[in-house]
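**Student:** In mature numbering (1 follows the signal peptide of the UniProt record, and there is no 0), the protein residues as written are -25 to -1, 1 to 206. Positions of the beta carbon are idealized from the N, C-alpha and C atoms, including for glycine. Model, not experiment: these values are computed from the prediction.
#1: Under 8 Å by Cβ, that's how I've got residue 151 and residue 112 pegged, so tell me the actual separation to the nearest angstrom.
#2: Within 10 Å of its beta-carbon, does residue 70 have 16 or more other beta-carbons around it, so buried, or fewer, so exposed?
#3: Thinking C-alpha only, which one of 102, 22, 35 is nearest residue 131?
#4: Would residue 100 and residue 89 be called neighbours here (beta carbons separated by less than 9 Å)?
#5: Three or more beta-carbon pairs under 8 Å between the region 66 to 86 and the region 35 to 43, yes or no?
#6: So residue 143 is in the beta strand (DSSP E); what residue range does that whole segment cover?
#7: Residues in its own chain within less than 8 Å of residue 91 by CB, not counting five upstream and five downstream?
#8: Note down the Cα distance separating residue 32 from residue 162, rounded to an integer number of angstroms.
#9: Any idea if residue 22 is buried or exposed, counting beta-carbon neighbours within 10 angstroms, 16 or more meaning buried?
#10: Tell me which same chain residues have a C-beta within less than 6 Å of the C-beta of residue 170, skipping the five on either side of it?
#11: Count the other C-beta atoms from every protein chain shown that fall within 10 angstroms of the C-beta of residue 36, then say buried if there are 16 or more, exposed otherwise.
#12: Rounded to whole angstroms, what is the Cα-Cα separation between residue 86 and residue 133?
#13: Is the distance from the Cβ of residue 17 to the Cβ of residue 138 below 9 Å?
#14: Starting from the C-beta of residue 175, find all residues in its chain whose C-beta is less than 6 Å away, skip the five residues before and the five after it, and write them out in chain order.
#15: Report the residue from 44, 93, 95, 107 whose alpha carbon sits nearest the alpha carbon of residue 77.
#16: Terminal residues of the continuous beta strand (DSSP E) containing residue 113?
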């Protein structure tokens, strides 16, 4: 009887995975003027205003996460799912989790931090420093239990000349959720790793950001000149 119950849980998870959206591929972001600033450090502090724009890749990935979360809440065989499994899918696919984490980290380092809907609005506001936020998450599907999260913020001066980039990454490969030997508690634990991976990526980003703001940019990891010119 117990084996039959476990198989039911696994079958339900497999049915869920069949309809879960697949993470979009990260794409290049937006064109900025070619060139680098002569500054060796990103200006920061309480008196420095920071303008944020989300890259097209970030917007696409947020839409993917929203779709993932919506399906977990209303679709793909929900009636077959035990509530903890359903809740874990919903809780670990918050489309705003990464961007909110990035904004919170930036607010600890800068004065006024404002998110703008587009570059036109940002240019008109003329903040001291510009940050292009790029986030990408890959969650579980029926075909893969590989999960990862990438966060990067590229900084530009007020003339939109590239300075440096802070980055964070984490990934984990799990055994298939639909394996027959897994109990529902184990399935929930695996799904919750989606959130843990995102948290670790943000912590790595926070450390990278701290390093970038306290050392000359020549001493920290930065993207290559081609990417810096054309984000």
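**Tutor:** Inspection of the coordinates gives the following:
#1: The pair is not a contact, with the Cβ atoms about 20 Å apart (cut-off 8 Å).
#2: buried
#3: 102
#4: Residue 89 sits close to residue 100, with the two beta carbons spaced by under 9 Å.
#5: Yes, the region 66 to 86 is in contact with the region 35 to 43.
#6: Per DSSP, residue 143 belongs to the beta strand (DSSP E) from 137 to 148.
#7: 26, 27, 28, 97, 100
#8: 30 Å
#9: Classification of residue 22: exposed, given that the 10 Å Cβ count is below 16.
#10: Same-chain partners within the cutoff: 67.
#11: buried
#12: 15 Å
#13: Yes.
#14: 145
#15: 107
#16: According to the DSSP assignment, residue 113 belongs to the beta strand (DSSP E) that extends over 104 to 113.
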